[in-house]
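A short write-up of the structure that comes next.
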Amino acid sequence: METDQAALRAAGEAGPPAEPPGPQGQASQARPATLTLPSILLAQLVIPLSIAGTAIALPDIAGELGSDPVPLQGVVNGFNLAFAVCTVIWGVAADRMGHRAAFRLGVAVALAGSLASALSPSLVLLDIARVVAGVGAAAVLTGASSLLSSLYTGPARRRAFALFGTVNGLGLALGPSISGFLVSWADWRGVFFAQALALLVAVALSLAVPKVTITPMPGRRLLDLSLLRHRTFLAMTLVPVAGAIGFVTLLTYLPNAFSAVLGLDTASAGLLMLAMTVPVLVAPLAVGQLMVRTRLTSRAVILVSLGCLVVASLGLSGLSSDTEPVHLIGWMIAAGFGFGLPIGLVDDEALASIPADRVGTAAGLLNLARIGSEALAVAGYAAALAAVVATRIADPTLAGEVAAGAQGHSGSYATAFHTVVLAIAITVACLALVITLLLRRREPAPQASS
1 METDQAALRA AGEAGPPAEP PGPQGQASQA RPATLTLPSI LLAQLVIPLS IAGTAIALPD
61 IAGELGSDPV PLQGVVNGFN LAFAVCTVIW GVAADRMGHR AAFRLGVAVA LAGSLASALS
121 PSLVLLDIAR VVAGVGAAAV LTGASSLLSS LYTGPARRRA FALFGTVNGL GLALGPSISG
181 FLVSWADWRG VFFAQALALL VAVALSLAVP KVTITPMPGR RLLDLSLLRH RTFLAMTLVP
241 VAGAIGFVTL LTYLPNAFSA VLGLDTASAG LLMLAMTVPV LVAPLAVGQL MVRTRLTSRA
301 VILVSLGCLV VASLGLSGLS SDTEPVHLIG WMIAAGFGFG LPIGLVDDEA LASIPADRVG
361 TAAGLLNLAR IGSEALAVAG YAAALAAVVA TRIADPTLAG EVAAGAQGHS GSYATAFHTV
421 VLAIAITVAC LALVITLLLR RREPAPQASS
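Residues in the sequence shown are numbered from 1 upward in steps of one, following full-length UniProt numbering.
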């Protein structure tokens with residue numbers, strides 16, 4: 001793996017020459033090369049694949065390296081925790097060392113972590129390798145969104161962020177399926193070898209990424225909460241929080257509900273979940289095209305998406321043992337569009353509202369809110385569901401099994417599901433109101449920091 005110094009030297013030598021630096025606190029505009037976007041999108045694809053697809057390899061990992069629950073869960077949690085924490089650190093680093101340098105270094109670190117994961121002889125070493133990969137992935141995500149914000153303008157920028165959102169949705173939706181295929185074809189190590197291969201290609205393509213020259217401002221704070229004073233940035237930061245509460249929780253636990261309440265097997269539940277995941281794939285690119293060709297505004301898209309999440313939660317909260325699976329499809333499609341519609345807009349709109357010298361820091365804060373809210377929302381859903389189930393089933397062991405999706409107590413699970421999902425709908429509705437109020441007035445164009 002390259003050292004930090006080597007990565008920085010490469011960042012200064014490769015790619016088209018940069019324009020002279022602008023005034024302090026501003027970024028110079030470079031012309032993106034043809035391979036810039038493929039490099040960014042390919043590296044970015046590995047992140048949602050890692051988040052959504054690694055868990056499916058755990059049974060095979062346990063069979064070879066041991067089933068001690070703490071280090072076994074560390075394979076997933078180590079990556080996610082390092083990823084979430086380091087987005088803020090890399091955000092500040094990207095503003096200081098340059099967005100291209102941070103992106104390239106992140107791809108190299110993630111590549112090393114993925115390769116080490118594939119070759120790990122023990123659970124402890126595998127956990128360490130996943131932490132390394134998470135650190136690199138944080139730099140990839142922060143550098144990628146910062147580069148798109150700095151390199152592209154106008155319709156090209158809108159298309160770039162639409163593709164960025166599509167790639168994220170693709171990885172999130174297909175991560176378990178792709179990883180499952182790789183596990184069955186080449187065992188669990190194949191999952192990490194495939195990620196390493198994709199990152200290796202991204203490293204080669206990243207040589208085409210042009211340099212964006214930034215004159216950094218001194219004294220930049222690691223977690224700059226003053227960015228939240230920008231109404232647009234705060235609103236856009238709350239959009240993925242609403243998505244985490246209204247979609248990611250259901251994406252994670254709805255298959256359990258289908259098993260516990262409807263008695264569906266894993267394959268049938270997975271097939272039904274396509275109604276929720278397919279819209280995530282098509283929505284970002286479709287919205288991007290509509291916004292280029294029509295007068296559709298990002299504000300309208302975001303408000304429609306939030307409405308979809310609220311309506312979907314209300315509809316799905318009525319799940320019972322008498323529900324026909326086909327009657328859930330409409331609500332699931334609404335949830336998918338509610339999450340997918342703004343994916344390609346949030347980063348674009350959020351970073352466009354921030355001065356150029358603070359884009360990396362802003363990207364780190366935005367991604368911390370996104371990833372942190374997903375982790376908290378999923379954990380909160382599980383805790384709330386278990387708590388409600390425990391009020392209806394006295395035996396703690398049985399209550400835990402029912403909360404995990406065990407069949408035979410559909411009424412207790414359905415009652416808990418109704419309560420929790422109704423709370424989700426109310427929470428998302430409140431967030432939608434706050435976001436609407438924040439977006440009512442337009443902010444002036446961002447100025448360089450002083």
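For glycine and all other residues, C-beta sits at the position ideal for the given N, C-alpha and C. What you are looking at is a predicted structure, and each value in this text was computed from that prediction instead of being measured.
For Tyr152, the nearest candidate out of Asp347, Ser410, Arg392 and Gly364 (CA to CA)
The option with the nearest alpha carbon to Tyr152 is Asp347.
Residues near Ala390 in its chain [Cβ-Cβ closer than 6 Å; skip 5 each side]:
Answer for Ala390: Ala399, listed in chain order.
Mind checking whether Ser117 and Val359 have CB atoms under 8 Å apart?
Note that the C-beta distance between Ser117 and Val359 is not below 8 Å.
Burial state of Thr297, where buried means 16 or more other Cβ atoms lie within 10 Å
By the neighbour-count criterion, in which 16 or more other beta carbons inside 10 Å mark a residue as buried, Thr297 falls on the exposed side.
Taking its Cβ as the centre, do 16 or more other Cβ atoms sit within 10 Å of Glu64, making it buried, or is it exposed?
In the assembly as shown, Glu64 is an exposed residue. Its beta-carbon has fewer than 16 other beta-carbons within 10 Å.
Outcome for Ile426 when other beta-carbon atoms lying within 10 angstroms are tallied against a minimum of 16
Classification for Ile426: exposed.
Does the count of Cβ pairs from the stretch 367-380 and the stretch 240-247 closer than 8 Å reach three?
Yes: the two stretches touch, three or more of their Cβ pairs being nearer than 8 Å.
Residue from Val140, Arg96, Ser149 and Gln195 whose Cα sits closest to the Cα of Gly53:
Selected option, being the one with the closest Cα: Gln195.
Cβ of Thr277 within 8 Å of Cβ of Tyr381?
No, Cβ-Cβ distance for Thr277 and Tyr381 is not below 8 Å.
Kindly indicate the opening and closing residues of the alpha helix (DSSP H) around Gly246.
Per DSSP, Gly246 belongs to no alpha helix (DSSP H) and is neither H nor E.
Compare the C-beta of Leu437 against all C-beta atoms of chain D and say whether one is closer than 8 Å.
Among the chains of the structure shown, chain D does not appear; only one protein chain is present.
Does Gln73 pass the burial test, meaning 16 or more other C-beta atoms within 10 Å, or should it be called exposed?
Gln73 comes out exposed.
If you draw a straight line from the C-alpha of Arg293 to the C-alpha of Ala286, how long is it?
Rounded to the nearest whole angstrom, the C-alpha separation of Arg293 and Ala286 is 11 Å.
Kindly list the residues whose CB is nearer than 6 Å to the CB of Gly190, restricted to its own chain and excluding five residues on each side of it in sequence; keep chain order.
Excluding positions up to five away in sequence, the list reads Leu182.
Could you give the distance in angstroms between the alpha-carbon of Ala129 and the alpha-carbon of Pro284?
For Ala129 and Pro284, the gap between their C-alpha atoms comes out near 32 Å.
For a test of the three-state rule: what should DSSP assign to Gln24, helix, strand or coil?
Confidence in Gln24 is poor, its pLDDT being 38 and thus under 50, which makes the residue's placement unreliable; the coordinate value appears in the next sentence. DSSP, read as helix, strand or coil, puts Gln24 in coil.
Below 6 Å CB to CB, which residues in the same chain sit around Gly12 once its five sequence neighbours on both sides are set aside?
Any reading at Gly12 needs caution, since the residue's pLDDT is 36, under 50, leaving its predicted position unreliable; the model's value is listed next. No residues qualify anywhere along the chain.
Proximity below 8 Å, CB of Ser435 to CB of Ile302
One point to set straight first is that residue 435 is Ile, not Ser, in the sequence displayed. A contact, by the Cβ cut-off of 8 Å.
Considering Cα atoms alone, identify which of Gly113, Gly154 and Ala43 is closest to Gly134.
Cα-wise, what sits closest to Gly134 is Gly113.
6 Å Cβ shell around Phe337 - same chain, five flanking residues per side excluded:
Excluding residues within five positions, the ones whose Cβ falls inside 6 Å are Pro279, Ala283 and Cys308.
For Gly143, which residues of its own chain have a beta-carbon under 6 Å away from its beta-carbon, when the five flanking residues on both sides are left out?
Residues of the same chain with a CB within less than 6 Å of the CB of Gly143, apart from the 5 flanking positions on each side, are Ala94, His99, Ala102, Phe103 and Gly106 in chain order.
So, are the CB atoms of Val203 and Ala139 less than 8 Å apart?
Contact flag unset, no.
Alpha helix (DSSP H) segment containing residue 463, residue limits
The requested residue 463 does not occur in the structure, where the chain is confined to residues 1 to 450.
Asp68 classed as buried or exposed, judged by whether at least 16 other C-beta atoms fall within 10 angstroms
Per the 10 Å Cβ criterion, exposed.
Taking Leu205 as the reference, give the member of Phe161, Ala43 and Pro255 with the closest Cα.
For the residues Phe161, Ala43 and Pro255, the minimum Cα distance to Leu205 belongs to Ala43.
Separation of Ala137 from Leu272, as counted between CA atoms:
Cα to Cα, the separation comes out at about 31 Å.
Report the start-end ranges of each alpha helix (DSSP H) in the stretch 111-187 that is 4 residues or longer and not cut off at the edges.
Correct list: 123-151 and 154-186.
Inter-residue spacing [alpha-carbon to alpha-carbon] between Leu172 and Arg441:
Looking at the two C-alpha atoms, the distance is approximately 33 Å.
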